[in-house]
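What follows is a short report on a single structure.
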Amino acid sequence: MKNQWYKKACFYQIYPRSFCDSNGDGIGDIKGIISKIDYIASLGIDAIWFSPLYCSPNADYGYDISDYRNINPEYGTMQDFDKMVKLLHQHNIKVVMDLVVNHTSDKHQWFTESRKSKDNPYRNYYIWRDGKGKDGKQPPNNWTSFFLGSAWQYDEMTKQWYLHLFDKNQPDLNYFNPRVLEEVKDILTFWLKKGVDGFRCDVITLLSKREGLPDGKKRIALTGKEHYIDGPKILELLGQLQEDVLSKYDAFTVGESVMIDIPTALKYTSGDNPPLDTIFAFEHMNADNYFGVKQLVRKFSLKRLKNTVGKWQDGLYEKAWNTLYWENHDQARIVGRYCSATEYREMGAQMMGTILLTLSGTPFVYQGQEIGQTSIGMTNLDDYRDVETYRSYNTMKKVFGKKGAMKRLAYCSRDNARTPVQWNSGENAGFTTGTPWIKVNPNYNQINVAQQETQKTSTLNYYRKLIQLRKEHDVFVFGTYKDLLPKSNKVWIYRRNYNDDEIVVFNNFTTKPVKVAPLKNADEYTLLTSNYPNSATQPTKRKLHPHESAVYIKVKKD
Ligand code: ISL
Ligand code: CA
Numbered sequence: 412m413k414n415q416w417y418k419k420a421c422f423y424q425i426y427p428r429s430f431c432d433s434n435g436d437g438i439g440d441i442k443g444i445i446s447k448i449d450y451i452a453s454l455g456i457d458a459i460w461f462s463p464l465y466c467s468p469n470a471d472y473g474y475d476i477s478d479y480r481n482i483n484p485e486y487g488t489m490q491d492f493d494k495m496v497k498l499l500h501q502h503n504i505k506v507v508m509d510l511v512v513n514h515t516s517d518k519h520q521w522f523t524e525s526r527k528s529k530d531n532p533y534r535n536y537y538i539w540r541d542g543k544g545k546d547g548k549q550p551p552n553n554w555t556s557f558f559l560g561s562a563w564q565y566d567e568m569t570k571q572w573y574l575h576l577f578d579k580n581q582p583d584l585n586y587f588n589p590r591v592l593e594e595v596k597d598i599l600t601f602w603l604k605k606g607v608d609g610f611r612c613d614v615i616t617l618l619s620k621r622e623g624l625p626d627g628k629k630r631i632a633l634t635g636k637e638h639y640i641d642g643p644k645i646l647e648l649l650g651q652l653q654e655d656v657l658s659k660y661d662a663f664t665v666g667e668s669v670m671i672d673i674p675t676a677l678k679y680t681s682g683d684n685p686p687l688d689t690i691f692a693f694e695h696m697n698a699d700n701y702f703g704v705k706q707l708v709r710k711f712s713l714k715r716l717k718n719t720v721g722k723w724q725d726g727l728y729e730k731a732w733n734t735l736y737w738e739n740h741d742q743a744r745i746v747g748r749y750c751s752a753t754e755y756r757e758m759g760a761q762m763m764g765t766i767l768l769t770l771s772g773t774p775f776v777y778q779g780q781e782i783g784q785t786s787i788g789m790t791n792l793d794d795y796r797d798v799e800t801y802r803s804y805n806t807m808k809k810v811f812g813k814k815g816a817m818k819r820l821a822y823c824s825r826d827n828a829r830t831p832v833q834w835n836s837g838e839n840a841g842f843t844t845g846t847p848w849i850k851v852n853p854n855y856n857q858i859n860v861a862q863q864e865t866q867k868t869s870t871l872n873y874y875r876k877l878i879q880l881r882k883e884h885d886v887f888v889f890g891t892y893k894d895l896l897p898k899s900n901k902v903w904i905y906r907r908n909y910n911d912d913e914i915v916v917f918n919n920f921t922t923k924p925v926k927v928a929p930l931k932n933a934d935e936y937t938l939l940t941s942n943y944p945n946s947a948t949q950p951t952k953r954k955l956h957p958h959e960s961a962v963y964i965k966v967k968k969d
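If you want the numbering used here, it's the position in the sequence shown, counting the first as 1, plus 411.
So, in C-alpha cells, the structure goes:
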C-alpha cells in the first residue's frame with residue numbers, strides 16, 4: 412500500500428535563483444537555501460518542490476536542461492545538494508525535484524548530436540520533419556508554441572525542422588522512440604537513489620504527440636493542442652514510469668497538467684495505481700482572463716473563481732487527490748489579482764492564505780507568498796528576464812500596441828513572481844550583497860520577513876498558524892465542500908464536514924464591509940481563527956470587515 416503522506420502535507424515551492432544568494436553574485440544558490448532552513452522549517456511545511464537545480468543555459472532558467480545529473484554551477488555543487496537534502500530530511504522536510512522531460516535544452520548533448528546528421532544515433536531523440544512548400548521552408552504543420560509563434564524551428568545543418576512547444580532553445584523529446592523513455596527512467600532512478608522523495612512533472616501531459624502530427628484547429632493560442640495535450644500514449648508512458656521506477660521507491664508525483672478538465676484529471680489520478688498521485692490544474696487561475704489566455708486580462712470575478720474551485724473540489728472528492736495553489740514561478744502574485752494590492756493588502760494576502768489552507772487537496776505555498784509579496788509590475792522592457800515575457804510582448808504589441816503590451820506584462824508577466832524573496836529592509840532586501848539578477852521589488856521596506864517576524868498579526872505568522880491548524884484538524888484536509896452562497900460575487904462562505912467535525916469559512920472579497928446573515932444555530936460554533944483581531948466570536952448576523960477571513964468550528968457536544 413502506497414504511503415499517502417502527501418495528503419496531509421503542506422508544500423513550499425522554492426525557485427532557487429530568487430530565494431537567497433550566499434556569495435554575492437546576485438543569483439540565489441543552494442548555500443543560500445541552507446542558510447534559511449530554520450526559517451523554512453519554522454513555517455511548519457512538510458515538503459519542498461524545487462524548481463530546476465540542474466545544469467541549464469538559462470534560456471528558460473532551468474526549464475531548459477543541458478545535464479540531468481548535475482547541479483547548475485551557479486547554484487552550487489552536488490555536495491551542496493546532498494548536504495541540503497540531508498539537512499532537510501533531518502527537519503522532516505521531504506524533497507521533490509522538478510522533472511522537465513517534455514523537452515531538453517538545445518545545448519544538451521543529445522540535441523547537439525541529434526542535429527548533426529539525419530543518421531546520427533540521437534537523431535530520433537527529437538522530432539524532426541521536412542518542411543512544407545516547394546523548398547521546404549514552411550513549417551511542417553500549423554502548431555504554435557506556448558510562448559506564441561510557430562512551434563517549429565528550421566535547422567540549416569540538415570535542412571529539416573524540429574518541434575519545440577516552448578522556446579526554440581527547448582526542443583521536444585520524441586516519445587515515439589522508446590529509447591527516450593528508458594533515458595527518463597534512468598534519470599528518475601539516479602535521483603531516487605540519492606534519496607529524493609518525488610517529482611513535480613513539468614508539462615507532463617504533453618509528452619505524447621499524435622502520430623502524423625496533423626494540423627490543428629486554428630485558435631487564438633495553442634493551435635495544435637488537441638494533438639498533444641493528453642495525447643494518445645501518455646497514460647501508457649506514465650504507467651511504465653510508475654511500474655518500472657516510481658513505485659519501487661514509493662515516490663510522490665504531481666503532474667503539471669495544462670488545460671485539462673475533471674474527467675481527464677481523474678484518468679491520471681484515480682484508481683488503485685494511478686499514473687500520477689496528483690496534478691496541478693489551471694482552471695482556477697483564469698478568473699481574471701478570457702479563454703484561459705492570461706494576456707487577455709479581464710476584471711476578476713469571485714463567482715467565476717468559486718464555480719471553478721467548487722467544481723474541482725466536488726469532482727475529485729473521494730475519487731482522486733487535488734492540489735491547491737494560487738502562486739508559482741509562472742503566475743503573477745495573487746495579491747493584486749484576486750484581492751487588493753493597495754487597500755487592505757495584508758488582509759487580502761491573509762484571506763487568500765486562509766482559503767488555500769482550508770480547502771481539500773495538498774496546498775503549495777510559493778516563496779514570498781507567506782509574507783504577501785506583490786507583483787513588481789516593471790514598466791521598462793529591459794528589466795524583464797523571462798523568455799516567455801519577451802515572446803508574448805512581441806505578439807501583443809501587434810495587437811495592443813506597445814503601451815497596451817507593456818501594461819499587460821506589468822500585470823501578468825512571470826517575472827512578477829521571480830523577483831527576489833524580501834528578507835529584510837537592508838540593501839537588496841537582504842537577498843544578495845551584489846547586483847540581483849532581476850530587480851528587487853522596491854516595496855521590500857514595507858513587506859519583508861524580518862519585520863513580519865516581529866509582528867504577531869503579520870501575514871507570515873498568519874500562514875504559520877493556518878498551516879498548524881490544518882495539521883490539527885482533519886476536516887481541513889478531508890472534509891466535504893459546500894458553497895453556502897454560490898451566487899454572491901462579494902463573499903465566499905463555505906462549509907466543510909468530516910465525520911463529526913465541521914468548519915465554516917467566511918471570506919469578504921471586497922474592500923468594503925459586507926453584511927452577512929447568521930448561520931443557523933450560530934451559537935453552536937466558535938471562532939477558530941481570523942485575520943482581524945475583532946472578528947465576531949460566533950457566526951451571527953453582522954458585517955464582515957474588508958477582506959476579512961474567519962474560520963468557525965462547530966463545538967462538539969458530549
Ligand atoms: O507560464 C505559462 C505562460 O504564461 C504557461 O503556459 C507555462 O508555460 C506552462 O504552464 C508550462 O510551464 C512549465 O513548463 C515551461 C516553463 O517555462 C514553466 O516555467 C514551467 O512551469 C517549459 O518547461
Ligand atoms: Ca549565488
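Even for Gly, the Cβ is constructed at its ideal location relative to N, Cα and C. Model, not experiment: these values are computed from the prediction.
Quiz item: Relative to ligand 1, is the shortest distance from any of its heavy atoms to the C-beta of Asp517 smaller than 7 Å?
Solution: Looking up residue 517 in the sequence shown gives position 106. Incorrect: Asp517 has no Cβ contact closer than 7 Å to ligand 1.
Quiz item: Beta carbon of Ile445: closer than 7 Å to some heavy atom of ligand 2?
Solution: On the sequence shown, position 34 is the one that residue 445 refers to. Ile445 Cβ: outside cutoff for every heavy atom of ligand 2.
Exercise. Say yes only if the C-beta of Lys705 is nearer than 7 Å to one or more non-hydrogen atoms of ligand 1, and no if none qualify.
Key: The sequence position of residue 705 within the sequence shown is 294, counting from 1. Because some heavy atom of ligand 1 lies under 7 Å away, the Cβ of Lys705 counts as near it: yes.
Quiz item: Which value, in whole angstroms, describes the spacing of the CA atoms of Met789 and Lys659?
Solution: In the sequence shown, counting from the first residue as 1, residue 789 sits at position 378. In the sequence shown, counting from the first residue as 1, residue 659 sits at position 248. Going by the C-alpha atoms only, they are around 46 Å apart.
Quiz item: So what's Asn805 in DSSP terms, helix, strand or just coil?
Solution: As a first step, residue 805 is located in the sequence shown; it is residue number 394 there, counting from the start. If DSSP states are grouped into helix, strand and coil, Asn805 belongs with the helices.
Quiz item: Out of Cys823, Ile858, Ala828, which has the shortest C-alpha to C-alpha gap to Gly837?
Solution: As a first step, residue 837 is located in the sequence shown; it is residue number 426 there, counting from the start. Answer by Cα proximity: Ile858.
Practice problem: Please specify which runs of the alpha helix (DSSP H), each continuous and at least 4 residues long, are wholly inside the segment 508-546, giving them in chain order. | Solution: 520-525
Practice problem: Spell out a yes or no on whether the segment 508-522 and the segment 474-481 are touching, meaning 3 or more CB-CB pairs, one atom from each, closer than 8 Å. | Solution: yes
Practice problem: For the beta strand (DSSP E) containing Ala452, list its first residue and its last residue. | Solution: Here residue 452 corresponds to residue number 41 of the sequence shown, with the count starting at 1. Unbroken run through Ala452 is the alpha helix (DSSP H), 448-453; no beta strand (DSSP E).
Quiz prompt | Cut-off 7 Å between Cβ atoms - residues of its own chain near Arg819, not counting five sequence neighbours on either side | solution = As a first step, residue 819 must be located in the sequence shown, where it is residue number 408. Here the set comprises Gln706, Val708, Met807, Phe811.
Quiz item: Quick one: does the C-beta of Ser433 sit closer than 7 Å to a heavy atom of ligand 2?
Solution: Residue numbering aside, residue 433 sits at position 22 when the sequence shown is read from its first letter. Correct: Ser433 has its Cβ closer than 7 Å to ligand 2.
Practice problem: Within its chain, find whatever has a CB closer than 7 Å to the CB of Asn588; leave out the 5 residues flanking it on each side and keep chain order. | Solution: Position 177 of the sequence shown, counted from the first residue, corresponds to residue 588. Only Asn535, Tyr536 meet the Cβ criterion.
Quiz item: How about Ala458 and Ile425: do their beta carbons lie closer than 8 Å?
Solution: For the purposes of this step, residue 458 is identified with residue 47 of the sequence shown, where counting begins at 1. For the purposes of this step, residue 425 is identified with residue 14 of the sequence shown, where counting begins at 1. Not closer than 8 Å, so no.
Exercise. Check the DSSP bridge columns for Asn852 and list the partner residues they point to.
Key: Indexing the sequence shown from 1 puts residue 852 at position 441. According to DSSP, which records beta bridges pairwise, Asn852 is partnered with nothing at all.
Quiz item: For Ile631, does the count of other Cβ atoms within 10 angstroms reach 16, so buried, or fall short, so exposed?
Solution: Here residue 631 refers to the residue found at position 220 when the sequence shown is read from its first residue. So Ile631 counts as exposed.
Quiz item: Since Val507 contacts Arg611 with CB under 8 Å, what's their CB separation in whole angstroms?
Solution: Numbered from its first residue, the sequence shown carries residue 507 at position 96. Numbered from its first residue, the sequence shown carries residue 611 at position 200. Indeed they touch by this definition, with Cβ atoms about 6 Å apart.
Self-check item: CB-CB length for Thr846 against Gly547, believed under 8 Å
Solution: Along the sequence shown, one-based indexing puts residue 846 at 435. Along the sequence shown, one-based indexing puts residue 547 at 136. With 8 Å as the limit, Thr846 and Gly547 do not qualify as a contact, their Cβ atoms being about 46 Å apart.
Practice problem: State buried or exposed for His695, treating a residue as buried only when at least 16 other CB atoms are found within 10 Å of its CB. | Solution: Taking the first residue of the sequence shown as position 1, residue 695 is located at position 284. Answer is buried; the Cβ neighbour count reaches 16.
Quiz prompt | Candidates Pro550, Lys730, Phe557, of which the one nearest Tyr565 by Cα | solution = Stepping through the sequence shown from its first residue, residue 565 is reached at position 154. Taking only the C-alpha atoms, the option nearest Tyr565 is Pro550.
Quiz prompt | Rounded C-alpha distance that separates Glu729 from Ala676 | solution = Taking the sequence shown and counting its residues from 1, one reaches residue 729 at position 318. Taking the sequence shown and counting its residues from 1, one reaches residue 676 at position 265. So the alpha carbons of these two residues sit roughly 13 Å apart.
Quiz item: Hey, is Glu694 close to ligand 1, as in C-beta under 7 Å from one of its heavy atoms?
Solution: Counted from its first residue, the sequence shown places residue 694 at position 283. Glu694: no, Cβ never under 7 Å from ligand 1.
Quiz item: Which residue from Ser619, Asp826, Gly815 puts its Cα closest to that of Val512?
Solution: On the sequence shown, position 101 is the one that residue 512 refers to. If we check each option's Cα against that of Val512, Ser619 comes out closest.
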